Structures are given as C-alpha cells and as structure tokens.
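**Student:** Please find one structure pasted underneath; my questions will follow.
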Amino acid sequence: MCRVSQVAGKIFTKSKHGITEVRSKKMISADVPDIIIGRLPVYLRALNLLLEEGREIIASQELADKLGISSAQIRKDLSHFGEFGKQGTGYEIKYLREQLRKILKVDRELDVALVGAGDLGHAIAHHGNFDRNGFHIVAVFDHNPQKIGANMGRFQILGSESMPTVIQEMGIQLAIIAVPADSAQQVADILIKAGVRAILSYAPITLNVPSKVRVQYIDPVVHLQRMTYYL
C-alpha cells in the first residue's frame, strides 16, 4: 500500500521502498535543465538491459562505470526528481526504471506520425525498437504521387495534404521528419499547426518552431564531424 502526503509543494510517498520524496510535475518541468532530461533515457536503457540480465539491485558506482558517467552525476541528476536509492544498498532496478518511465512519460503507448517514405523513412518505419519501447508509428505521409496509396510494409502511404486531418483526428503529438532539408520547415509548420508538440528530425537543417514545441535532430554528418576533431 502506498500513502501520499504533501508538504510545501513536495509530495512524499510511503511504500515498501521507504519514504520517498517525489517532486511535483510543475516543479520538475520548471527546474530541471534539458541536459539532465537528455541523460534520463540513457539511464533507462541501462536499467532495461540490467533487468534482462536478471539483476535486481545496482549501486550508483557500478551504473556509472557502465555508462562512463560519474556516480555523483547520476545521484545529482536523480535528486531533481526525488530520492530513489538506499545508502549502502543502491538502487532497486525495477523500481527506478518504473519511476524514470513515469518521469519521461513513456509509461504509456504513444502514437507517432512519420513524414517521408523514401529509403530513410522505410528504414525508420521498420525499426522494431520503436514499437518495443512504446512508440508506435501509426501514419506514414509522403508528397510523391507515385508513392501515395502504395504499401510500405504494414502501412499504406498517405498524401501529405491529409496530414492535418489525420493528425488531428488521431490526436498525434509526436512526429518524425525524414524529408530533404528544403521541405523540412514546411512539413514542420504543418505538423505543429495540426497539434504535434514534439519532432524528431533527420533533415540536415535547424527548424524554426515555437518555444512550446520540442525538436531533436539526428544528423550523422554532424556527429562524424564532431568525432574527427579527435583523430
């Protein structure tokens, strides 16, 4: 049984894990730097792998060694959201994983729109890791008349002109852009107007979006250029 009490903007839960302070969503969103949010999925991935290995408990130092991050950094990152470990014992892996899933709002199934049915879009649509982690591509769009109506695996490619209607009717808030740079901004504008609030873009261009919309970029060339500095 879990009991909840609130004192001065803080929420405390009492369960088998002891008394745990969990900060409110409002406080979290206002206080936590984006760079810390960016590390949480890395922690979550490591915890998933540990569970697959049959592990139950892990110390912050061992987790740090696996990730190449200092244990102090891990503890500091997690402290923004509450107290999850026990001194001298470490973290209960399953419990910490579930808390991170809640914090990242991935403790539910999420629908995703994919724009671009070329080679890259085809590879993305058939990448099983999305489904395994609760991100389900439910609609694929393209502007090429020769592709519209064709099947791409389990998907029937829809015309770009149907994006606003389909996205609004399905309540889609996540989208992946896999189109050339010269059309990426136009696509982003349509997606945002239709209600999309988060975009993963493979287009090699910086998108101009409202502050309420989050964008993450994947550009392999940029990552390669960063690494060549060290050669």
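The numbering of the sequence shown is the working numbering, which starts it at 14 and goes up by one.
Even glycine gets a Cβ: it sits at the ideal position worked out from N, Cα and C.
Being a predicted model, the structure only gives us computed values, none of them experimental.
(1) Taking just the CA atoms, how far does Glu174 sit from Leu57?
(2) Touching or not, the region 161-172 and the region 109-120, by the rule of three or more beta carbon pairs under 8 Å?
(3) Please state the DSSP three-state secondary structure of Phe143.
(4) Is it the case that the Cβ atoms of Leu62 and Val125 are separated by a distance below 7 Å?
(5) Please report the straight-line C-alpha distance between Leu117 and Met165, rounded to a whole angstrom.
(6) Check Ser224 in the structure and name its three-state DSSP category.
(7) With a 10 Å radius around its C-beta and 16 neighbouring C-beta atoms as the bar for buried, classify Asp155 as buried or exposed.
(8) Between the region 147-154 and the region 211-220, are three or more C-beta pairs nearer than 8 Å?
(9) At the level of alpha carbons, what is the spacing between Asp202 and Glu69?
(10) Once the 5 residues before and after Pro193 are set aside, which same chain residues still bring their CB inside 8 Å of it?
(11) Return the Cβ separation of Ala250 and Lys89 in integer angstroms, given the expectation that the two are a contact with Cβ distance under 8 Å.
(12) Among residues of its own chain, excluding the 5 on either side of Ala130, which ones have a beta-carbon nearer than 7 Å to its beta-carbon?
(13) Tell me where the alpha helix (DSSP H) around Ser214 begins and ends.
(14) In chain order, what residues of the same chain lie with their CB nearer than 8 Å to the CB of Leu257, ignoring the 5 residues before and after it?
(15) Which complete beta strand (DSSP E) runs does the region 120-198 hold, if anything under 3 residues is left out?
(16) Any idea if Leu64 is buried or exposed, counting beta-carbon neighbours within 10 angstroms, 16 or more meaning buried?
**Tutor:** In brief:
(1) 37 Å
(2) no
(3) helix
(4) no
(5) 30 Å
(6) coil
(7) buried
(8) no
(9) 45 Å
(10) Ala216
(11) For residue 250 there is no data in the structure shown, the boundaries of the chain being 14 and 244.
(12) Val153, Asp155, Lys160, Met165 and Ile170
(13) That residue, Ser214, is in no alpha helix (DSSP H); its beta strand (DSSP E) goes Ala211 to Ser214.
(14) Nothing can be reported for residue 257: it is not among the residues displayed for the chain, which extend from 14 to 244.
(15) 123-128, 148-155 and 187-190
(16) exposed
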